[in-house]
Every structure is written in C-alpha cells, then in structure tokens.
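In the numbering used here, the protein residues as written are 17 to 235.
For glycine and all other residues, C-beta sits at the position ideal for the given N, C-alpha and C.
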C-alpha cells in the first residue's frame with residue numbers, strides 16, 4: 017500500500033491541532049513551522065514556561081494533544097513528520113506500546129542509511145524521570161530511536177476509533193540553551209539544565225534529506 021505525502025506550513029499550534037485526512041488512507045505530512053515555538057505536553061503545567069521571556073525572544077507557546085515534556089521547534093531546526101494511519105490498516109496495532117515500533121524501525125533504518133551507527137528502537141515502555149517530565153527529548157518512549165544514550169527520533173501517539181496519528185521528529189541541530197532560555201528557571205538552573213541536556217540528542221542533518229530517507233523506509 018502506498019503513502020500519500022503532504023507538505024504543510026504553518027504555526028505550531030495549528031499544525032498540532034490539524035484534522036485527520038479526509039480519506040481513509042496512509043498519509044505522511046511533512047510539517048514546517050513559521051516561527052520558533054515551545055510545545056507543551058497535553059497535561060503539562062504552562063507555568064514551566066516564562067511567557068514574558070518567551071514573547072520577548074519571539075518564541076510562541078503551543079500545546080499538543082499527546083503527553084510528555086516540552087519540545088523546542090524552530091524553522092529549519094527539525095524534521096517533523098506526522099504519520100496518519102486509518103483504522104483497519106494492516107500496520108494498525110491496538111497495543112499502545114507496540115503500536116509505534118514499525119515507525120521507529122523505519123526511522124532507525126533511515127538513520128543508518130545516512131550514516132548513523134547503532135540506531136536502535138526503544139521497545140520498552142515509557143521511561144520517566146524529572147528531567148524527561150520537563151523536556152520530552154530527555155526521556156524514552158515506545159518506538160523512539162536511540163544511538164546509545166542519545167535520542168535520534170521522538171515519537172508520540174494520538175488515537176481515535178478511526179485514526180492513529182504518530183508524531184515523529186528528529187533534529188537538524190540541537191541547541192538546548194534556546195529552549196532553556198524561555199523556561200521559568202533561575203539563571204543558575206538554566207546553566208545547569210543546558211549542560212544536562214547537551215548530549216541527550218543526536219542531530220541527524222538536513223530535514224529534507226531525513227524526510228526522504230524515512231519515507232523511503234516506510235512499509
């Protein structure tokens with residue numbers, strides 16, 4: 017079965033709130049954002065953001081419908097692919113833990129094809145910690161891709177009776193101080209947190225190259 021590819025540009029809030037495809041078919045949306053944004057998890061307290069500081073830095077604040085910590089996004093900084101799968105598709109897996117493994121395998125294979133050594137899919141459950149509860153890319157979730165301790169690909173799921181939406185993302189560049197700058201922290205804690213996050217992510221390179229590689233590895 018083939019995939020329909022859509023390229024969508026807009027603000028992060030609108031892209032996160034996007035409606036499902038009109039037809040019941042496999043769809044990959046390549047999403048590009050218009051301005052820097054910090055995205056909160058669905059149940060995350062908005063007080064973790066210094067909203068005045070974010071506004072002064074030209075950073076918008078959005079909220080996604082899946083859980084987890086904050087995610088930093090900026091134009092050209094990441095490859096963001098939303099994968100939509102209709103109910104009844106052969107790739108649909110009812111088990112939430114196992115449901116993203118196939119997407120993670122596609123990302124891991126794509127990463128290997130562009131030179132990443134040792135890319136592996138996390139096949140366990142959600143691994144939580146205070147740091148991961150604050151910053152999404154500091155944690156481990158089912159189907160996410162790692163090289164050693166560094167995360168390559170973050171994956172979140174949103175399910176209804178009719179669709180599963182896998183939001184997948186990898187960074188071109190990882191500069192945690194840009195995220196930390198707009199969190200509601202003391203200057204000392206900002207410095208500490210930037211250092212803690214520095215090596216948590218392995219950037220993959222140019223978004224278009226990554227997107228092409230992933231789409232070439234989808235089942």
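Around the C-beta of residue 214, fewer than 16 other C-beta atoms lie within 10 Å, and the residue is accordingly described as exposed. For residue 194, no pairing in a beta bridge is given by DSSP. Contiguous alpha helix (DSSP H) elements confined to the stretch 139 to 180 occur at 146 to 150, taking only those with 4 or more residues. For the beta strand (DSSP E) assignment, the uninterrupted runs of no fewer than 3 residues enclosed by the stretch 44 to 92 are, from N- to C-terminal side, 53 to 56, 76 to 79, 87 to 89. Counted as a single uninterrupted DSSP element, the alpha helix (DSSP H) harbouring residue 121 occupies residues 117 to 129. The Cβ atoms of residue 75 and residue 91 do not sit closer than 7 Å to each other. Residue range 94 to 102 is occupied by the beta strand (DSSP E) that includes residue 98, with no alpha helix (DSSP H) assigned at that position. Counting along the chain, the unbroken alpha helix (DSSP H) around residue 225 starts and ends at 223 to 231. Looking at the DSSP output, residue 17 sits in no beta bridge, so it has no partner there. For residue 26, the beta-bridge partners assigned by DSSP are 49.
In this structure, the alpha-carbon of residue 225 lies about 11 Å from that of residue 232. Distance from the CA of residue 19 to the CA of residue 30, rounded to the nearest whole angstrom, comes to 23 Å.
Excluding its 5 nearest sequence neighbours in each direction, residue 41 has C-beta neighbours in its own chain below 7 Å: 20, 102, listed in chain order.
DSSP, reduced to helix, strand and coil, places residue 211 within a helical segment of the structure shown.
The residue among 17, 168, 211 with its C-alpha nearest the C-alpha of residue 96 is 168. Selection 110, 111, 134 evaluated against residue 121 yields 134 as nearest (Cα-Cα). Per DSSP, the unbroken beta strand (DSSP E) holding residue 137 starts and ends at 135 to 137.
Residue 201 carries a coil assignment under DSSP once its states are collapsed to helix, strand and coil. In this structure, residue 47 and residue 98 form a Cβ contact; the two beta carbons are roughly 6 Å apart against a cut-off of 8 Å.
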